[in-house]
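To start, the structure under review is shown below, and the notes come after it.
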Amino acid sequence: MQSDLDQILISPAAISARLDALAAQMGKELPREGVVLMPVLTGGMVFAADLMRRLPNRLTIACVGASSYPGVRTASSGEVHLAGLEQARAAARGKHVLLVDDILDTGHTLGALRDALAASGALSVRTCVLLRKDRAAARAFSADFCAFDIPDAFVVGYGLDFNGLYRNLPGICMLKPEVVMRAQMQAKAHGQGAGA
Ligand code: XMP
């Protein structure tokens, strides 16, 4: 299955160095108190775990889930399913929310979450992404914090998956183009819109 993988795009050492710098910046720009850091599960969990341990701010943690329907997937359908939203809304009330997600692609996931939490009485809602794809929709979203800009390719590792696999890779890898193409053809044949 590792044969699905193409080149390493970002090494574990590069991730670690960038997180040091990003956390130093965020520590200064975020409020010192009243922050709730919200990992977007499942993809954002690895990034969030490494980021939060570098932040000096007094913060609490509350998770929220986002996904599309399961199956063979390499692109976003635009349909976002949120899980645990009621608890997330309760945790956001009266707090400065920091949403932490793995990747900004179409912006549908973070857009839906930001709107839902802003409407629930949060003092502010900021977004932080590990990766931002080089595409107009991702750039238009304007995340508050971003660790890396990457090409518009399907990537896995460090929390990101392909059909549930590869989340545990320590770095970010690209999938082989033929694997992406095969997955897209399969999704089309099964009438799947693909997922977030
Ligand atoms: P949107 O389009 O809502 O996408 O900004 C965010 C979610 O889509 C998934 N996604 C990917 N997952 N490799 C992945 O493993 C990718 O290249 C990729 N692009 C989008 C991901 O779940 C993310 O939270």
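Note that numbering that gives the first Met the number 0 gives residue 42 to position 43 of the sequence shown, counting from 1, and the numbers run on in steps of one. For each residue, glycine too, the CB sits at the ideal point set by N, CA and C. This one's a predicted model, so the numbers in the text were calculated from it and none came from an experiment.
Cross-strand partners of residue i (DSSP beta bridge)
{"i": "Ile171", "result": "Ile9"}
{"i": "Leu40", "result": "Gly64"}
{"i": "Ile102", "result": "Leu130"}
{"i": "Leu4", "result": "Leu174"}
{"i": "Val34", "result": "Leu58 and His95"}
{"i": "Ala82", "result": "Gly64"}
{"i": "Gly156", "result": "Leu159"}
{"i": "Phe144", "result": "Cys127"}
{"i": "Gln149", "result": "The residue you asked about is not Gln; residue 149 is Ile in the sequence shown. Answer is Lys132."}
{"i": "Leu164", "result": "Phe161"}
Spatial distance of residue i from residue j (CA atoms)
{"i": "Ala82", "j": "Leu112", "result": "10 Å"}
{"i": "Gly33", "j": "Lys27", "result": "14 Å"}
{"i": "Tyr157", "j": "Ile149", "result": "14 Å"}
{"i": "Ala91", "j": "Met180", "result": "40 Å"}
{"i": "Leu40", "j": "Ala48", "result": "11 Å"}
{"i": "Ala136", "j": "Leu109", "result": "12 Å"}
{"i": "Phe161", "j": "Ala23", "result": "31 Å"}
{"i": "Ala188", "j": "Leu84", "result": "33 Å"}
{"i": "Cys172", "j": "Ile7", "result": "4 Å"}
{"i": "Ser2", "j": "Met44", "result": "25 Å"}
{"i": "Asp133", "j": "Asp151", "result": "5 Å"}
C-beta contact flag for residue i and residue j at 8 Å
{"i": "Phe147", "j": "Leu129", "result": "yes"}
{"i": "Val99", "j": "Ser123", "result": "no"}
{"i": "Gly170", "j": "Ile9", "result": "yes"}
{"i": "Arg53", "j": "Asp101", "result": "no"}
{"i": "Leu159", "j": "Gly64", "result": "no"}
{"i": "Ala87", "j": "Leu116", "result": "yes"}
{"i": "Arg131", "j": "Leu103", "result": "yes"}
{"i": "Phe140", "j": "Cys127", "result": "no"}
{"i": "Leu29", "j": "Met51", "result": "no"}
{"i": "Leu21", "j": "Lys175", "result": "no"}
{"i": "Tyr165", "j": "Val155", "result": "yes"}
With 16 other Cβ atoms within 10 Å as the buried cut-off, status of residue i
{"i": "Arg31", "result": "exposed"}
{"i": "Pro55", "result": "exposed"}
{"i": "Lys94", "result": "buried"}
{"i": "Ala193", "result": "For Ala193, the pLDDT reaches just 39, beneath the cut-off of 50, and the residue's location in the model is therefore unreliable, although a value from the coordinates is still provided. Counting Cβ neighbours within 10 Å, Ala193 comes out buried, since at least 16 surround it."}
{"i": "Thr59", "result": "exposed"}
{"i": "Ala16", "result": "exposed"}
{"i": "Gly106", "result": "buried"}
{"i": "Met184", "result": "exposed"}
{"i": "Ile14", "result": "buried"}
{"i": "Ala186", "result": "buried"}
{"i": "Ala142", "result": "buried"}
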